[in-house]
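Peer 1:
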Amino acid sequence: MKVIITIPAYNEEASLREVISNIKNVMDKTNYDYIIQVLDDGSKDRTVEIAKEVGAKIYSNRRNLGLAKTFQEELRYAIENKADIIVHTDADGQYDPSHIPELIKKIEEGYDLVLGSRFGKKIKHMPFMKRIGNKAFSKVISSLTGIDITDSTTGYRAFTKEVAEEIEFINTFTYTQEQIIKAAKEKFRITEIFVRTRKTRESRLFKNPFEYALKAWINILRIYRDYDPLKFFGITGGILSSLGLIIGLWFVYLHFTTGITGHLGLLILMILLLLTGIQIILFGFLADMRK
1 MKVIITIPAY NEEASLREVI SNIKNVMDKT NYDYIIQVLD DGSKDRTVEI AKEVGAKIYS
61 NRRNLGLAKT FQEELRYAIE NKADIIVHTD ADGQYDPSHI PELIKKIEEG YDLVLGSRFG
121 KKIKHMPFMK RIGNKAFSKV ISSLTGIDIT DSTTGYRAFT KEVAEEIEFI NTFTYTQEQI
181 IKAAKEKFRI TEIFVRTRKT RESRLFKNPF EYALKAWINI LRIYRDYDPL KFFGITGGIL
241 SSLGLIIGLW FVYLHFTTGI TGHLGLLILM ILLLLTGIQI ILFGFLADMR K
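Heads up: the sequence shown begins at 1 in the numbering used here, then just goes up one per residue.
1) Between the Cα of residue 57 and the Cα atoms of 45, 77, 103, 116, which residue gives the shortest distance?
2) Pair every Cβ in the stretch 33-48 with every Cβ in the stretch 5-15, then say whether three or more of these pairs are closer than 8 Å.
3) For residue 277 and residue 244, what's the separation of their Cα atoms in angstroms?
4) Give me the Cα-Cα distance between residue 237 and residue 62, rounded to the nearest whole angstrom.
5) To the nearest whole angstrom, what separates the beta carbons of residue 195 and residue 116, a pair I think is in contact under 8 Å?
6) Can residue 247 and residue 269 be called in contact, C-beta distance under 7 Å?
7) I believe residue 296 touches residue 283 by the beta-carbon criterion, under 8 Å. Please report the beta-carbon distance rounded to the nearest angstrom.
8) Is the separation between the beta-carbon of residue 68 and that of residue 173 shorter than 7 Å?
9) With a 10 Å radius around its C-beta and 16 neighbouring C-beta atoms as the bar for buried, classify residue 166 as buried or exposed.
10) Helix or strand or just coil, what does DSSP make of residue 198?
11) Here's the rule: buried if 16 or more other CB atoms are within 10 angstroms of the residue's CB, otherwise exposed. What is residue 253?
12) Tell me residue 103's beta-bridge partners as DSSP assigns them.
13) So, with DSSP's three-state summary, where would you put residue 290?
14) Can residue 150 and residue 119 be called in contact, C-beta distance under 7 Å?
15) With distances taken Cα to Cα, identify the nearest neighbour of residue 34 among 87, 186, 50.
16) What does DSSP give as the partner residues of residue 192 in its beta bridges?
17) Tell me, please, which residues DSSP counts as bridged to residue 40.
18) Determine the extent of the alpha helix (DSSP H) in which residue 26 is found, giving its start and end residues.
19) Where does the unbroken beta strand (DSSP E) through residue 157 begin, and where does it stop?
20) For residue 95, which residues does DSSP report across the bridge?
21) Which of helix, strand or coil does DSSP assign to residue 82?
22) Which whole-angstrom value describes the C-beta separation of residue 112 and residue 4, a residue pair presumed to lie in contact below a C-beta threshold of 8 Å?
23) With a threshold of 7 Å on Cβ separation, who are the neighbours of residue 95 within its own chain once the five nearest residues in sequence on each side are excluded?
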């Protein structure tokens, strides 16, 4: 059984040598046939040279493509190299490599996708807004998949070649949630193990916690829109229809208590909200049928 441990890297000269060496120290104590693969995402520093020096198989994007596209390239190369199991980790040393055999063991037990959850206990070094965003993401993903997931944004995961081959990605920003959702939709078996982490550099994606919170909620809405349109449009349409109904009841109340019938603006607003809400709900039904 061939294991490919794949690492995306962008300007990681400061940490990559140690990360790869630590992985080798762990894997050399096992009987697994493994390759460490580094996907360089257009680095400007010595990332490529260091990866070669420590014996990793190196591939490079011609320019910086970002997380989602780089992940897809990682899978393509892993499949070309006949991987049976793919383990994905980060180049910054955040994840403890001693958990790699545990991830692989779960695959051998029959699971198709195994997530390395960082939330076995409170992570003191994770910023508050990022922690809240991660938990919100996980609640949404759990709701969509029917699987109890505590860390849907973890980059530390193992999966089978079938998961890599059968799941296509449309998200150009990140891959973490989309892989989980589509794996669940395809009836792949998903589980988690709790992993240790250590503090690394500040996130390159979100230097501002408010930016992170905003983008997190935008992505949550996109997930609902794309993967559960009936719920997304149903809730939106339901809120508008409810507001229209409340205004309608207020209109009736004013009419019977004051005798005034000149609240034309309220009547128009009620009709607009009700019609818009109903149309959005119907659109949700159509989108769900075409999904």
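Even for Gly, the Cβ is constructed at its ideal location relative to N, Cα and C. None of the values given here were measured: they were computed from a predicted structure.
Peer 2: Well, looking at it:
1) 77
2) yes
3) 8 Å
4) Straight-line Cα distance between these residues: approximately 45 Å.
5) So it is a contact: roughly 4 Å between Cβ atoms.
6) Taking C-beta atoms as the reference points, residue 247 and residue 269 count as a pair closer than 7 Å.
7) Look at the range of the chain in this structure, 1 to 291, and you will see that residue 296 is not part of it.
8) yes
9) exposed
10) Coil, per DSSP.
11) exposed
12) Beta-bridge pairing links residue 103 to no other residue.
13) Note: residue 290 maps to helix in three-state DSSP.
14) Contact flag set, yes.
15) 87
16) 115
17) 9, 60
18) 16-27
19) 157-160
20) 197
21) coil
22) At roughly 16 Å, the Cβ-Cβ gap does not stay under 8 Å, so residue 112 and residue 4 are not in contact.
23) 89, 116, 156, 195, 197
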